[in-house]
Every structure is written in C-alpha cells, then in structure tokens.
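Working notes for the structure below.
Number of protein chains: 2
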Amino acid sequence: MRQAGRSLPEYREIRGSGSILDAIADADLSTEITLQPVRRYGNDAAILFSDIVVPAHAIGFGVEVKPGVGPVVEQPFAGRGDLERLRPLDPEADTPHVIQTVENLVSELDVPLIGFAGAPFTVASYLIEGGPSKDQAKTKGLMLDDPELWHDLAGRLTDMAIASLRSQVAAGAQAVQLFDSWAGALTPAMYREFVLPHSTRVLAEFTDVPRIHFGVGTGEILTAMAEAGSEVMGVDWRVPLNAARDRLGEGIAVQGNLDPTVCLASWDAVEAQTRAVLAANGGRPGHIFNLGHGVLPPTDPSILERVVELVHRETAA
Amino acid sequence: MRQAGRSLPEYREIRGSGSILDAIADADLSTEITLQPVRRYGNDAAILFSDIVVPAHAIGFGVEVKPGVGPVVEQPFAGRGDLERLRPLDPEADTPHVIQTVENLVSELDVPLIGFAGAPFTVASYLIEGGPSKDQAKTKGLMLDDPELWHDLAGRLTDMAIASLRSQVAAGAQAVQLFDSWAGALTPAMYREFVLPHSTRVLAEFTDVPRIHFGVGTGEILTAMAEAGSEVMGVDWRVPLNAARDRLGEGIAVQGNLDPTVCLASWDAVEAQTRAVLAANGGRPGHIFNLGHGVLPPTDPSILERVVELVHRETAA
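So the sequence lines, in the order shown, correspond to chains A and B. Those letters in the first sequence? Residues 1 to 317, per the numbering used here, in order. Those letters in the second sequence? Residues 1001 to 1317, per the numbering used here, in order.
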C-alpha cells in the first residue's frame, strides 16, 4: 500500500513537519518509515519510501516537495536551454542515502522490497508545469509543439529512472514499480507517441526482477501501458478487475483496486467493497490486492489492518 | 463549447470580477454572455450561461461560487437534518432571471439553445464536500454508510434539476444538457447503484427534447450513463470516438472530444488533433463536435474560430 505511512501516528511522530525530501535523505529515518506499515499491517511486500522527484532533486534541478501541495519547481522546464540542467544521475554520488536505505531494508525485511521510480511522463509533467496541475496543459503543449524537445527531455528522465532503479536493484530491491500516476490524462494516441517509448525503455532494463507499472485513470490506456513490458499492471478502482483482466489478457498480473476513499467509511462498507474487489478478480491467480491509489491521510489504521486480514483470510490457499 | 466565454475579451469586459451567480441573476448580462461565443465562433448551438449550483443557491442552501476556486458551501450537507435546507425549487419565484434569460435568448438566437442543469451526483458532491474535491471522499462515504440518506438527498436534487430544466424548456430551450462532470470518480457498480436511478429520473422527464448527458473521465461508465436515457452522450478526450461508438452502439449520438488543453498549442497541432477527432468518428452521422471539457481561460479565441471553421468545412454535406 503506497503512502500507507501518512495515516500512521508513528509515522507522523518521527516524520515531523519537514520536507519529505529531507526524510528520504536520512537513511535511518526512511528505513524506519518504510518498515512501519509492514510492521503494522503485515503486508506481503514493502514499497520503498520515496518520491518521484528524488532524482531530479538530487541532481539540482531545483525541485522541492511542499507539504500539502506536492512537488514544486523554482524554475520550470521551459525550453531547450533547460536540458543542460538535467545532467545524468550518478546514484552512488547523488543518492547514496537511497542505496543505504535499500540495503538497510533488505537486511531487516522478511518480505520483498519493491524499488520506486517516477515514470518519465509524470516526472516531466511536474518539471514543466512547475507543480501539481489539473490538466498538464504545458506538458501536452510541449509534446505537440516541439516533439523533438519533448523526446530529449523524456529521454533524460528515462536515463535517470533507469539509473535510480538499477542502483536500488543492485542494493537488493527484489522488484521495481514505475509510477506514471498522471498518464491517464493523455489520449491513447498521445500516450503511444510520447510516453510509451520512454516507459518501455525503462522497463526493458529490469527483466531480471518483477516489474509493476502504475497509474490512475488509465482505463483507456491500460493495454498500451502493458505493452511497455511489466509482469504486473496497476489498475485503479474505476476499472473493475474482471474488465481489466479481459482487456489485458493472459500472462500479466493485476494490482489493485480498492478505492482509497472507501477506507474512510465504516468497516461494513469497507468489507463489502473489499469483497467486491476480490469477487471481480474471481480467484484468478496473479492478483496483488492493493488500493487503487495512495492511502489517504485521515484513514483509520485499524481499518487497513482489517482489510489486510480479510484479504489474507479470503485468499489463503 | 462550454465555458467558451472565459477566453473572450468581450466576456471579461462585461463580466467584471463579481460572482458568476450575480452575473447569472442578471438576465440581460447572461443573455449577452450566452450570445458572445455564438457571435464570435458561429457555433451550431448555444449553451445557456449558468452554473450547476444555481438551483441550490436560489433556494438558500448557502452556496457561493468563488472566482478561481469553484462552488463553496458555508455549511456543507452532513446529515439528515440538512435535508430540510433543500426545499423544492419553484423556478418562477426562485429563478425568474433564468426563465427571462432563456426567453431573451430564444428570440435572439438563430441556432438552438441548450438548457443547463447539474446532475444530482455532481451537485451533491459540492454540497457534501463543501467545495471542489480531488476524491469526493465524503460523498462516497455518505453513499456507503447511509444509502437511504444519500438517496433522499439525491432525490431532492433530482426534483430540483427537473424543475429547473422544465422551466427552461417551457421558456423555449430546444434541448437539455445534464452535467455530471465528476461521475467518472465512481466505480461502475457505485455509479449504477447510487447515481444512475436519479439521472434516469431527470432525463425521463424530457423525452420531448434532445437530451445530452455529459461527464469527464467516464470511459468505464459510458454505457451505464447512456442507460439513463439521452439522445447524445458527452465523451471526453480519453476515449477515442471510435471506441466510444463501439461501446455505445447504434442509435445514440456522441459529443466531443478535443482535449481543451490542445487548444493552447500552435495551430498546426490543434489542426492535427481536430482532424484526429473527426477521423476517429469516421464520418458517422450523429457527431456533435466539441471539446472534451470546458474551454480553458488562456485559450486564444482565434484558435477556436479556426477549429469551428475547420470542422464546418470538413463536415459540410
């Protein structure tokens, strides 16, 4: 469960009010934050505590994560001249804390650790828009008006995602997850032309570990995203799992897809909706139960405990 | 084109900086605002200048529209006691300015006027959340935890939408459009259980005029929305029109679906994307060309002029 920490009192206590990027830069702290939800919920895997802008921040692009807002960029990417602000990531020099965190976790965890990277499109959208955006208008404008510059930018972000994930796998991460959270804002045609080649290049580098490819609102591009190459496709709550599986065909697992907002309701409602997710999958193998998006901060941890327990009970061999 | 005014200098000039609800309450002003884009662009129909919270505001629920934010509610709907704050709408007493505006427009326009109403779900989501929301969490929580109260609330909003649209049709509106902008946030199962019955009841009242049913991000619920009963389904840019038509089958027209953000790009890009929309429809009859959502304020009006001109040229008999 991504962003599970946000709902935990033990997370709020150790995390304080500083930037998430400072917390990520502290290997002991981010080790503990990654462990907390696994300890509390008994999930079957852990996802590295990270943020999609970690590499861009580490190479000095000038991006911060404002609490309650998200990534904000002092000088957004606006033209060819900005490409040189995106030098290659050298994980050992630029993000040694990430490597250290992964090493710590691998020695402490009893379950697999999933490495974490932002996909080129979603990272680019923050660098171009300068912050969270409702419509990614500038990003789409750059794609349409200067495809060459777009592909140059996305290419550099692809290299960064590869370098970051490679360092995580080398340090022991047993799987990788590529977060293309906002890819669902694109038409299928624009996704295929401007995004798919880059995400494909990232994922092609990690045939040695299971790969998870994630986004929200991606119903119309689910099959295109799957073509990028992964063992698992994330599915948000809008697409019932039976529909997702029909669309994706055999040979690919699905991850999802309880609506995170449901977890704010009473247990009876959460239980019914959790059972509905399991029923939509229909007992087929290759289902990683998860929320369809990150855990919402006001979620009661005891509700998530009961969800994990219910899923474990219902899917026990 | 919905919200076309926002991009027009002549709109900004007469609209000033006051609340949109004040502008709507001034029949002369809202007549002029409705006419402006038709005059400029030569569209084949006009959509009444309005807002989905007009009826709730008119009966005194305490909702305002904050510029740059959207509808905000002083005391959000939180429980059964709030139902009595939603008395029936009496259009002649509560929204005479809307009736007057429609009468003015019908006598001035050479093209059909489309009446305007918010759908019960989307209006309810503002009343419950208290303002724009990323996830409609409280609304979904109310549905799941107190279905009876949800249906009572949605029932009252259904009656209001019917009363408002009936008064617009009686005053001469030649079609109606039901705006369920955020319905795409729901799973198909929740849409069917909590929303479809109410939207169906609204639309069933207007078999005397063409009915358009609109939402964004609705790919997964498009066929369910169509079951509510309408001659036309709005389709956003995420769903290519050929996919939408395959899903919807014969006998229903589609409206859409150029991504409004595309209109911020250069003309070459806009032209290519406009042609792509027409190509996806493939010349089938029953296509109302439109944007997939409202016009964005920074759009250059001359771009929209050229879009309308191109579509007219390409689709001329």
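We put the CB at the ideal spot given by N, CA and C, even for glycine. The model shown is predicted, which means the values in this text are computed figures rather than measured ones.
Helix, strand or coil: which one does DSSP assign to residue i?
| i | result |
| --- | --- |
| methionine 233 of chain A | strand |
| proline 1071 of chain B | strand |
| histidine 293 of chain A | coil |
| arginine 1105 of chain B | The sequence given here places leucine at residue 1105 of chain B; arginine does not occur at that position. Here leucine 1105 of chain B sits in helix by DSSP. |
| arginine 1238 of chain B | coil |
| lysine 66 of chain A | strand |
| valine 202 of chain A | helix |
| arginine 211 of chain A | strand |
| aspartate 1052 of chain B | The sequence as given places isoleucine at residue 1052 of chain B; aspartate does not occur at that position. Isoleucine 1052 of chain B falls in the coil class under three-state DSSP. |
| valine 176 of chain A | strand |
| phenylalanine 121 of chain A | helix |
| glutamine 3 of chain A | coil |
| asparagine 257 of chain A | strand |
| alanine 228 of chain A | coil |
| isoleucine 47 of chain A | strand |
Hey, how far is the Cα of residue i from the Cα of residue j?
| i | j | result |
| --- | --- | --- |
| valine 307 of chain A | leucine 291 of chain A | 10 Å |
| alanine 1280 of chain B | histidine 287 of chain A | 34 Å |
| alanine 185 of chain A | lysine 1138 of chain B | 24 Å |
| threonine 1034 of chain B | valine 1073 of chain B | 26 Å |
| proline 132 of chain A | alanine 124 of chain A | 11 Å |
| histidine 1312 of chain B | arginine 1040 of chain B | 15 Å |
| alanine 265 of chain A | glutamate 1250 of chain B | 40 Å |
| aspartate 1236 of chain B | arginine 156 of chain A | 31 Å |
| histidine 1057 of chain B | alanine 1093 of chain B | 13 Å |
| alanine 45 of chain A | glycine 1256 of chain B | 43 Å |
| glutamate 1314 of chain B | glutamine 136 of chain A | 29 Å |
| threonine 1274 of chain B | tryptophan 1267 of chain B | 10 Å |
| tryptophan 142 of chain A | threonine 122 of chain A | Reading off the sequence, residue 142 of chain A comes out as leucine, not tryptophan. Cα to Cα, leucine 142 of chain A sits roughly 14 Å from threonine 122 of chain A. |
| valine 1320 of chain B | proline 301 of chain A | Since the first residue shown for chain B is 1001 and the last is 1317, residue 1320 of chain B is missing from the structure and cannot be characterised. |
| glycine 282 of chain A | glutamate 13 of chain A | 40 Å |
| phenylalanine 1214 of chain B | threonine 187 of chain A | 18 Å |
| alanine 316 of chain A | arginine 284 of chain A | 13 Å |
| glutamate 148 of chain A | arginine 87 of chain A | 18 Å |
Ordered along the chain, which non-local residues of its own chain (more than five positions away) have a Cβ less than 7 Å from that of residue i?
| i | result |
| --- | --- |
| glycine 1219 of chain B | Arg1238 and Val1239 |
| alanine 1226 of chain B | Met1233, Leu1248 and Ile1252 |
| serine 30 of chain A | Ala23, Ile24, Phe49 and Thr101 |
| valine 1065 of chain B | Ser1019, Ile1020, Leu1021, Asp1051, Val1053 and Pro1071 |
| tyrosine 191 of chain A | Ala183, Ile221 and Ala224 |
| tyrosine 1011 of chain B | Gly1005, Ile1033 and Gln1036 |
| glycine 42 of chain A | Val308 |
| aspartate 152 of chain A | Leu83 |
| tryptophan 1150 of chain B | Leu1142, Met1143 and Phe1194 |
| histidine 293 of chain A | Val216, Asp236 and Pro260 |
Are the CB atoms of residue i and residue j nearer to each other than 9 Å?
| i | j | result |
| --- | --- | --- |
| valine 1216 of chain B | serine 1181 of chain B | yes |
| isoleucine 1221 of chain B | glutamine 1177 of chain B | no |
| phenylalanine 1077 of chain B | leucine 1127 of chain B | yes |
| proline 1120 of chain B | alanine 1175 of chain B | no |
| leucine 203 of chain A | aspartate 159 of chain A | no |
| arginine 2 of chain A | isoleucine 47 of chain A | yes |
| valine 1169 of chain B | aspartate 1110 of chain B | no |
| phenylalanine 179 of chain A | alanine 154 of chain A | no |
| aspartate 1259 of chain B | lysine 140 of chain A | yes |
| glycine 62 of chain A | arginine 80 of chain A | no |
| alanine 269 of chain A | valine 254 of chain A | no |
| leucine 296 of chain A | cysteine 263 of chain A | yes |
| proline 1197 of chain B | glycine 1118 of chain B | no |
For residue i, which residues in the same chain have their Cβ closer than 8 Å to its Cβ, ignoring the five residues on either side in sequence?
| i | result |
| --- | --- |
| glutamate 28 of chain A | Here residue 28 of chain A is aspartate; the residue named in the question, glutamate, does not match the sequence. Only Asn104 meet the Cβ criterion. |
| valine 69 of chain A | Gly131 and Pro132 |
| threonine 1383 of chain B | The requested residue 1383 of chain B does not occur in the structure, where chain B is confined to residues 1001 to 1317. |
| threonine 1095 of chain B | Val1054, Pro1055, Ala1058, Leu1089, Ser1164 and Ser1167 |
| proline 67 of chain A | Ser17, Ser19 and Ile20 |
| glutamate 231 of chain A | Pro210, Arg211, Ile212, Ile252 and Ala253 |
Could you tell me how far apart the beta carbons of residue i and residue j are, in whole angstroms, since I believe they sit closer than 8 Å?
| i | j | result |
| --- | --- | --- |
| proline 37 of chain A | leucine 8 of chain A | 7 Å |
| leucine 1304 of chain B | glutamate 1271 of chain B | At roughly 13 Å, the Cβ-Cβ gap does not stay under 8 Å, so leucine 1304 of chain B and glutamate 1271 of chain B are not in contact. |
| arginine 1166 of chain B | glutamate 1108 of chain B | 22 Å between Cβ atoms; not a contact. |
| alanine 1276 of chain B | alanine 189 of chain A | 7 Å |
| aspartate 1026 of chain B | histidine 1097 of chain B | 7 Å |
Give me, in chain order, the residues of the same chain whose beta-carbon lies closer than 6 Å to that of residue i; leave out the 5 immediate sequence neighbours on both sides.
| i | result |
| --- | --- |
| alanine 173 of chain A | Val102, Leu113 and Gly115 |
| alanine 171 of chain A | Ile99, Val102 and Glu103 |
| leucine 278 of chain A | Glu314 |
Query raised in the report: Which of the residues in the stretch 1246-1266 of chain B, read from start to end, lie with their CB under 8 Å from any CB of chain D?
Result: The chain labelled as chain D is not found among the protein chains of the depicted structure, namely A and B.
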